[in-house]
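As structure tokens, the structure follows; a few thoughts come after it.
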Amino acid sequence: MKIVKENFFISKGSFSESEKFQEILKDIRDGIALVNNPFSSQNFKINPVRRGNGVKPIKNNLIVHLGQRDWLHEQRIKIVNGMAPGPIDSVIKTEFGHFALEWETGNISSSHRALNKMAVGMIEKNIIGGILILPTKDLSQYLTDRVGNYEELESYFVMYNNLNLTEGILGVISVTYDEIDADVPLIPKGQDGNSKKEIII
Numbered sequence: 272m273k274i275v276k277e278n279f280f281i282s283k284g285s286f287s288e289s290e291k292f293q294e295i296l297k298d299i300r301d302g303i304a305l306v307n308n309p310f311s312s313q314n315f316k317i318n319p320v321r322r323g324n325g326v327k328p329i330k331n332n333l334i335v336h337l338g339q340r341d342w343l344h345e346q347r348i349k350i351v352n353g354m355a356p357g358p359i360d361s362v363i364k365t366e367f368g369h370f371a372l373e374w375e376t377g378n379i380s381s382s383h384r385a386l387n388k389m390a391v392g393m394i395e396k397n398i399i400g401g402i403l404i405l406p407t408k409d410l411s412q413y414l415t416d417r418v419g420n421y422e423e424l425e426s427y428f429v430m431y432n433n434l435n436l437t438e439g440i441l442g443v444i445s446v447t448y449d450e451i452d453a454d455v456p457l458i459p460k461g462q463d464g465n466s467k468k469e470i471i472i
């Protein structure tokens with residue numbers, strides 16, 4: 272899988288200039304590069320059936336890679352004061368605070384919630400930052416109906432660009448396929464599990 276755009280609305284303070292953030296960014300970039308389909312391929316190939324492919328299995332290689340780099344997965348961490356801790360795809364604890372990573376598998380409303388939650392978490396100093404990964408419109412047309420995409424969210428970036436924060440990282444990364452191939456199997460569609468998540472305070 273390849274990265275199309277990296278857009279950082281907030282990149283300020285000592286964390287943004289630290290070696291730790293560069294390590295985090297490398298972890299994410301390397302993990303995205305490892306996302307493949309089918310399993311035997313070195314690239315991410317998509318069968319171009321409109322709304323035909325699932326989204327949840329796509330992130331698996333990234334999650335495995337991050338786990339090898341001391342990230343924790345599907346953890347419940349307090350981000351917004353007054354709200355119950357919610358599950359985060361991946362989170363890493365640093366000397367600056369927790370850093371969150373989400374991979375969009377829901378609709379555009381889910382994308383807004385993810386970014387809003389990260390922004391509020393930074394304002395309330397519960398996390399030092401976060402990144403949302405989501406598909407381009409070109410890729411999303413072949414995924415589950417109405418999955419959020421970068422271009423659909425782009426009109427709202429002005430709000431995040433104008434947040435009055437002096438420390439932390441908030442951004443989005445858009446991703447797409449390496450190749451279209453009508454001969455590869457469709458990516459299975461699935462549903463969220465109901466497994467219990469550990470709570471981190």
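Residue numbers for the sequence shown follow my numbering, so the first one is 272 and each next one is one higher. We put the CB at the ideal spot given by N, CA and C, even for glycine. Being a predicted model, the structure only gives us computed values, none of them experimental.
Which residue's Cα is closest to the Cα of residue i: the options?
i: Asp-452; options: Ser-285, Glu-395, Asn-314; result: Asn-314
i: Glu-294; options: Val-335, Pro-356, Tyr-421, Phe-370; result: Phe-370
i: His-344; options: Lys-330, Met-354, Ala-355, Asn-352; result: Lys-330
i: Asn-491; options: Gly-419, Gln-412, Met-272, Met-393; result: Since the first residue shown for the chain is 272 and the last is 472, residue 491 is missing from the structure and cannot be characterised.
i: Gly-461; options: Pro-328, Asn-278, Ala-304; result: Pro-328
i: Glu-366; options: Lys-297, Met-393, Phe-292; result: Phe-292
i: Arg-340; options: Asn-308, Met-354, Lys-364; result: Lys-364
i: Gly-302; options: Gly-368, Ser-282, Lys-316, Val-335; result: Val-335
i: Gln-346; options: Gly-353, Gly-357, Gly-338; result: Gly-357
i: Val-306; options: Pro-459, Asp-449, Ile-348; result: Asp-449
i: Leu-405; options: Tyr-427, Gly-377, Ser-426; result: Gly-377
i: Tyr-427; options: Leu-386, Leu-337, Ile-299; result: Leu-386
i: Arg-300; options: Tyr-413, Leu-337, Ala-355, Ile-458; result: Leu-337
Tell me whether the beta-carbon of residue i lies closer than 8 Å to the beta-carbon of residue j.
i: Ile-444; j: Lys-388; result: no
i: Asn-432; j: Phe-280; result: yes
i: Ile-359; j: Glu-375; result: no
i: Asn-318; j: Val-455; result: yes
i: Lys-408; j: Glu-422; result: yes
i: Val-275; j: Thr-415; result: no
i: Ser-381; j: Gly-419; result: yes
i: Asn-278; j: Gly-442; result: yes
i: Ala-390; j: Leu-424; result: no
i: Asn-308; j: Lys-297; result: no
Kindly indicate if chain C contains any beta-carbon less than 8 Å away from that of residue i.
i: Ile-295; result: No chain C appears in this structure, which consists of one protein chain only.
Along the chain, where does the beta strand (DSSP E) containing residue i start, and where does it finish?
i: Phe-286; result: Element bounds for Phe-286: not the beta strand (DSSP E) but the alpha helix (DSSP H), 284–287.
i: Asp-416; result: It is not in any beta strand (DSSP E) - Asp-416 carries neither H nor E in the DSSP assignment.
i: Lys-364; result: 357–365
Would you kindly report the start and end of the unbroken alpha helix (DSSP H) that includes residue i?
i: Asp-452; result: Note, Asp-452: premise wrong, no alpha helix (DSSP H); not H, not E.
i: Gln-293; result: 290–304
i: Arg-347; result: No alpha helix (DSSP H) contains Arg-347, which is instead part of the beta strand (DSSP E) from 343–348.
i: Gly-392; result: 379–394
i: Gly-338; result: 331–338
Under a three-way DSSP split, which group does residue i fall into?
i: Glu-373; result: strand
i: Ser-445; result: strand
i: Asp-409; result: helix
i: Ser-426; result: helix
i: Pro-459; result: coil
i: Glu-469; result: Note that Glu-469 has pLDDT 34, beneath the 50 cutoff, so the model's placement of it is unreliable and the number below is only indicative. Coil, per DSSP.
i: Asn-314; result: coil
i: Asn-307; result: coil
i: Asn-352; result: coil
i: Asn-397; result: coil
i: Asn-432; result: helix
i: Gly-464; result: The predicted position of Gly-464 is uncertain, since its pLDDT is 34 and thus under 50; no value can be drawn from it.
At a cut of 8 Å, does the segment 380–400 reach the segment 273–288 through at least three beta carbon pairs? yes
Do the segment 436–443 and the segment 321–330 make contact, defined as three or more Cβ pairs closer than 8 Å? no
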